[in-house]
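Residue numbering for the sequence shown follows the numbering used here, starting at 3 and increasing by one per position. Note that CB positions come from ideal geometry on N, CA and C, so glycine has one too.
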Amino acid sequence: MPDQGSGRQSQQCTAVVGLQWGDEGKGKVVDLLADAHDATVRYNGGANAGHSVVVGGERYALHLIPSGILAKGKPAVVGNGVVVDPEKLLEERAGLQKRGVDVSGLVISDRAHVVLDYHKIEDGLREDMLNAARAESSGGSGPGQIGTTRRGIGPAYADKVNRATALRMGDLVRPEVVRERVTLACRLKNAMLSGLSSSFAPLDADAIADRAIRAGELLGPSIRDTTYLLHDMLAQGKRLLFEGANATLLDVDHGTYPFVTSSSCSVSGIGPGTGVPPNRLARIIGVAKAYSTRVGSGPMPTELFDAVGEGIRQRGREFGTTTGRPRRVGWLDLVAVRYSAMINGATGIALTLLDVLSGVDRPRVCVAYRTPEGQTDRFIPDGSRLGLVEPQYKELPTIEPGLTECRQFDDLPANARRYVAYVEEFVGVPVVIVGVGPGREQSLVRNLA
Ligand code: IMP
3 MPDQGSGRQS QQCTAVVGLQ WGDEGKGKVV DLLADAHDAT VRYNGGANAG
53 HSVVVGGERY ALHLIPSGIL AKGKPAVVGN GVVVDPEKLL EERAGLQKRG
103 VDVSGLVISD RAHVVLDYHK IEDGLREDML NAARAESSGG SGPGQIGTTR
153 RGIGPAYADK VNRATALRMG DLVRPEVVRE RVTLACRLKN AMLSGLSSSF
203 APLDADAIAD RAIRAGELLG PSIRDTTYLL HDMLAQGKRL LFEGANATLL
253 DVDHGTYPFV TSSSCSVSGI GPGTGVPPNR LARIIGVAKA YSTRVGSGPM
303 PTELFDAVGE GIRQRGREFG TTTGRPRRVG WLDLVAVRYS AMINGATGIA
353 LTLLDVLSGV DRPRVCVAYR TPEGQTDRFI PDGSRLGLVE PQYKELPTIE
403 PGLTECRQFD DLPANARRYV AYVEEFVGVP VVIVGVGPGR EQSLVRNLA
């Protein structure tokens, strides 16, 4: 009988989660920690995520497969909370194999939901329709489009909750189930989507089912009950590393709703998304960039529209891994980061891309918001109200050049250390990793208990 959550066992798991709007460099942190763990686990999101990791000078862009796949042969688990586009997954797996990566550790939950063509079509049509409605009402109060990645994420999660027409990965290996479910789904989607656009061509259920069945044949050996797999590993004293996709400010409950994704990106998604309970988490690393970025629509109080922002975008290569869209760039919003650290119970912060701020004249960090109701240092997780705030800044000394050469925390020059210290003090959580470049050796680790 395994000990259900004693102190010893609860030391087994680490979570890595984004504290901003995504693209904080979580993949790199996961890669750094993967060696000390026995498996990496994704619990939310889908192919909307983009984790880019540089190993041995090679850059890998991962969307669905946990970044831990790069830790040779260890299980890389796609949990039940993920929505899986099977063809994208196959493409990603083949791309890694071609580059010599051992993908034998890839395991996919039989309960992860499947994203099919009609989810992507629906995602795009809804976005277009919301955009058109917004344009027509010019100045209306509706949110307009969310600016989704159009990867079918929202519609797939909606079908999961709606139940009857959804497919799970475990169903893919049963052709008769796939055909029946896809036929039903196409009937429903044809009725719904034809009303969204006059150019919508009715879905071909047989063709969609054929492709899904083919994907099921190819992925079948990797589809398993991952809940028992993970609990068996825990019972053997193995250590799990959870990899949050997207980020806390995009969390469907705790983010800047409605400009969020459709899953629980914060650590609270781990339970429902994997079946591993919260008392197994010993260490929660919140990842924050030294500045802010956002892709898609929605408020971002510290956004920069000037040459300083453009310089950061270029130096930080702030273009989406998934969509290639230029990311919006702004100063570090510490009000937001402190809120996210609180939501996740972060035990440490990984502050990434600090080198990008080198030479930026007196960088600012946001320490409060001025709102129509007065000043506050509390975050406002509401898309429309957050759009009305005016950030209040603290100016910090210009960070010196040469950060990319640092290999230990103590190598950092004085103003870089001041920046780190200010973040720690404001957020109330120690900075345990500082990123000064894309390579593994450019992650400066400090007090990572
Ligand atoms: P969706 O997840 O495609 O529905 O998109 C919803 C919002 O979340 C959009 O603003 C996307 O740009 C954003 N988003 C989703 N995943 C990520 C991510 O991994 N990084 C950054 N933004 C993301």
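Provide the residue span of the beta strand (DSSP E) that contains Glu397, from first to last. Here residue 397 refers to the residue found at position 395 of the sequence shown. Glu392 to Glu397 is the extent of the beta strand (DSSP E) around Glu397.
Considering only C-alpha positions, which residue in the set Pro415, Val337 and Ala348 is nearest to Gln377? Here residue 377 refers to the residue found at position 375 when the sequence shown is read from its first residue. Among Pro415, Val337 and Ala348, the Cα nearest to that of Gln377 belongs to Val337.
Is the segment 402 to 409 in contact with the segment 310 to 325, if contact means three or more CB pairs nearer than 8 Å? No: the two stretches stay apart, fewer than three of their Cβ pairs being nearer than 8 Å.
Could you tell me whether the segment 110 to 129 touches the segment 165 to 183, where touching means 3 or more Cβ pairs closer than 8 Å? Yes, since at least three Cβ pairs between the segment 110 to 129 and the segment 165 to 183 fall closer than 8 Å, the two stretches touch.
Mapping DSSP to helix, strand and coil, what is Tyr341? As a first step, residue 341 is located in the sequence shown; it is residue number 339 there, counting from the start. Helix, per DSSP.
So with Cβ pairs under 8 Å, would you call Arg183 a contact of chain B? Note that chain B does not occur in the displayed structure, where there is just one protein chain.
Classify Gly300 as buried or exposed, calling it buried when 16 or more other Cβ atoms lie within 10 Å of its own Cβ. Start at 1 with the first residue of the sequence shown, and residue 300 comes out as number 298. Flag for Gly300 reads buried.
In terms of residues, what are the limits of the alpha helix (DSSP H) holding Thr228? For the purposes of this step, residue 228 is taken as residue 226 along the sequence shown, with counting starting at 1. Thr228 -> alpha helix (DSSP H) spans Thr228 to Ala237.
Measure the C-alpha to C-alpha separation of Arg61 and Ser54 and round it to an integer number of angstroms. In the sequence shown, residue 61 corresponds to position 59, counting from 1. In the sequence shown, residue 54 corresponds to position 52, counting from 1. Whole-angstrom Cα-Cα distance: 7 Å.
Checking the sheet assignment: what are the DSSP bridge partners for Leu243? Indexing the sequence shown from 1 puts residue 243 at position 241. The partner list for Leu243 (beta bridge, DSSP) reads Thr16 and Thr42.
State buried or exposed for Glu219, treating a residue as buried only when at least 16 other CB atoms are found within 10 Å of its CB. Here residue 219 is taken as the residue at index 217 of the sequence shown, counted from 1. By the 10 Å Cβ count, Glu219 comes out exposed.
What are the start and end residues of the alpha helix (DSSP H) that includes Cys188? Translated into positions along the sequence shown, residue 188 becomes position 186. Note, Cys188: alpha helix (DSSP H), Pro177 to Leu195.
Here's the rule: buried if 16 or more other CB atoms are within 10 angstroms of the residue's CB, otherwise exposed. What is Leu356? Position 354 of the sequence shown holds residue 356. Buried.
The ligand HEM and Gln99: does any heavy atom of the ligand fall closer than 7 Å to the residue's C-beta? In the structure on display, the ligand HEM does not appear, and the ligands it does have are the ligand IMP.
Could you tell me whether the segment 25 to 34 touches the segment 433 to 450, using the rule of 3 or more Cβ pairs below 8 Å? Segments in contact, yes.
Are there any heavy atoms of the ligand IMP lying less than 7 Å away from the beta-carbon of Asp25, as far as the coordinates show? Looking up residue 25 in the sequence shown gives position 23. True, at least one ligand heavy atom lies under 7 Å from that Cβ.
Can you name the start and end residues of the alpha helix (DSSP H) that Ser386 belongs to? Position 384 of the sequence shown, counted from the start, is the residue given in the question as residue 386. Unbroken alpha helix (DSSP H) run through Ser386: Gly385 to Leu388.
DSSP-derived helix/strand/coil call for Asn449: Counting from one through the sequence shown, the residue named residue 449 turns up at place 447. Asn449 falls in the coil class under three-state DSSP.
Out of Arg282, Gln394, Thr324 and Val425, state which residue places its alpha-carbon closest to the alpha-carbon of Arg340. By one-based count along the sequence shown, residue 340 stands at place 338. The residue with the shortest Cα to Cα distance from Arg340 is Val425.
Can you give the beta carbon distance from Ile351 to Val297, rounded, assuming they're within the 8 Å contact cut? Translated into positions along the sequence shown, residue 351 becomes position 349. Translated into positions along the sequence shown, residue 297 becomes position 295. No, Ile351 and Val297 are not in contact; Cβ-Cβ is about 22 Å, not under 8 Å.
Taking the Cβ atom as the reference point for each residue, do Thr323 and Asn82 lie within a distance shorter than 8 Å? Taking the first residue of the sequence shown as 1, we reach residue 323 at position 321. Taking the first residue of the sequence shown as 1, we reach residue 82 at position 80. Not closer than 8 Å, so no.
Going by beta carbon distance, what residues of the same chain come within less than 6 Å of Asp104, once the five residues before and after it are set aside? Start at 1 with the first residue of the sequence shown, and residue 104 comes out as number 102. Lys74 and Gly75, listed in sequence order.
Alpha carbon to alpha carbon, what distance is there between Asp412 and Ala38? Counted from its first residue, the sequence shown places residue 38 at position 36. Counted from its first residue, the sequence shown places residue 412 at position 410. Whole-angstrom Cα-Cα distance: 23 Å.
Report back the beta-carbon spacing between Ala309 and Val431 to the nearest angstrom; my notes put them in contact at under 8 Å. By one-based count along the sequence shown, residue 309 stands at place 307. By one-based count along the sequence shown, residue 431 stands at place 429. Wrong, their Cβ atoms sit about 32 Å apart, outside the cutoff.
Starting from His53, trace the beta strand (DSSP E) in both directions and tell me its first and last residue. For this step, residue 53 is matched to residue 51 along the sequence shown. That run of the beta strand (DSSP E) goes His53 to Val57.
Going by alpha carbons, who is nearest to Arg420 out of Ser294, Arg176, Val429 and Ile401? On the sequence shown, residue 420 is found 418 positions in, with the first residue counted as 1. Considering only alpha carbons, the answer is Ile401.
By the DSSP assignment, the alpha helix (DSSP H) with Thr276 in it spans what residues? Your numbering for residue 276 matches position 274 in the sequence shown. In the DSSP assignment, Thr276 falls within the alpha helix (DSSP H) that extends over Ile272 to Thr276.
Proximity test, Ser299 beta-carbon vs the ligand IMP heavy atom, cut-off 7 Å: As a first step, residue 299 must be located in the sequence shown, where it is residue number 297. Yes.
Would you mind sorting Asp206 into buried or exposed? The rule is 16 or more other CB atoms within 10 Å of its CB. Taking the sequence shown and counting its residues from 1, the one referred to as residue 206 is at position 204. When all chains shown are included, Asp206 counts as exposed.
So, are the CB atoms of Ala63 and Gly47 less than 8 Å apart? Residue mapping note: residue 63 aligns to position 61 of the sequence shown, counting from 1. Residue mapping note: residue 47 aligns to position 45 of the sequence shown, counting from 1. No, the Cβ-Cβ distance between Ala63 and Gly47 is not below 8 Å.
Taking just the CA atoms, how far does Gly29 sit from Gly9? Against the sequence shown, residue 9 aligns to sequence position 7. Against the sequence shown, residue 29 aligns to sequence position 27. Because the pLDDT at Gly9 is just 44, under 50, the model does not fix this residue reliably, and the point stays unresolved.
Find out if the Cβ-Cβ distance for the pair Gly311, Val331 is shorter than 8 Å. As a first step, residue 311 is located in the sequence shown; it is residue number 309 there, counting from the start. As a first step, residue 331 is located in the sequence shown; it is residue number 329 there, counting from the start. Yes, they are a contact pair.
Using 10 angstroms around the beta-carbon of Ser201, count the other beta-carbons present and answer buried if the total reaches 16, otherwise exposed. Locating residue 201 in the sequence shown gives position 199, where the first residue counts as 1. Counting Cβ neighbours within 10 Å, Ser201 comes out exposed, since fewer than 16 surround it.
Please classify Asp335: does DSSP put it in a helix, a strand, or coil? Position 333 of the sequence shown, counting from 1, holds the residue named residue 335. Of the three classes helix, strand and coil, the one that applies to Asp335 here is strand, per DSSP.
Ordered along the chain, which non-local residues of its own chain (more than five positions away) have a Cβ less than 6 Å from that of Met131? By 1-based counting over the sequence shown, the position of residue 131 is 129. Once the five neighbours on either side are set aside, the close Cβ partners of Met131 are Leu198.
At which residues does the alpha helix (DSSP H) containing Gln147 begin and terminate? Sequence index remark: in the sequence shown, residue 147 carries index 145 (1-based). Looking at the DSSP string, Gln147 is not in any alpha helix (DSSP H), and its letter there is neither H nor E.
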